[in-house]
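A short worksheet on the structure shown next.
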Amino acid sequence: MSRATLEERVAALERQVGALLANAPRTGADKDWRRTRGVFTGDDLMGQVFEEGRKIRDAERKRAQPRARKKPQARS
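Going by my numbering, the residue at position 7 of the sequence shown is 324; the numbering climbs one at a time, nothing skipped.
Below you can see the structure in the form of structure tokens.
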């Protein structure tokens, strides 16, 4: 069995990937987060979800803050 050179192996892989991409089904419009922008505007249930998430983040932020240490009293 002959060993293919690195260049030949890369070229074969590039052909295979090109064929796979050409045969991949297109789903239509590109999907990303911008398509969902505004979907939950005015939704009371999602407002509650957002508020609970905000409370959790605030509590975690408060716990993460360093505590103030008491300074030792000066001896005179």
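Heads up, the beta-carbon is just placed ideally off N, CA and C, and yes, glycines get one too.
> For M318, which residues of its own chain have a beta-carbon under 6 Å away from its beta-carbon, when the five flanking residues on both sides are left out?
Replying inline: As a first step, residue 318 must be located in the sequence shown, where it is residue number 1. Confidence at M318 is low in this model, with a pLDDT of 44, below 50, so its placement is unreliable and the value that follows should be read with caution. Counting only Cβ-Cβ distances below 6 Å, and skipping sequence neighbours, we find nothing.
>> DSSP three-state label for Q333, please.
In response: Numbered from its first residue, the sequence shown carries residue 333 at position 16. Residue state, collapsed to three classes: helix.
> DSSP state of G370, grouped into three classes?
Replying inline: As a working note, residue 370 is residue 53 in the sequence shown. Of the three classes helix, strand and coil, the one that applies to G370 here is helix, per DSSP.
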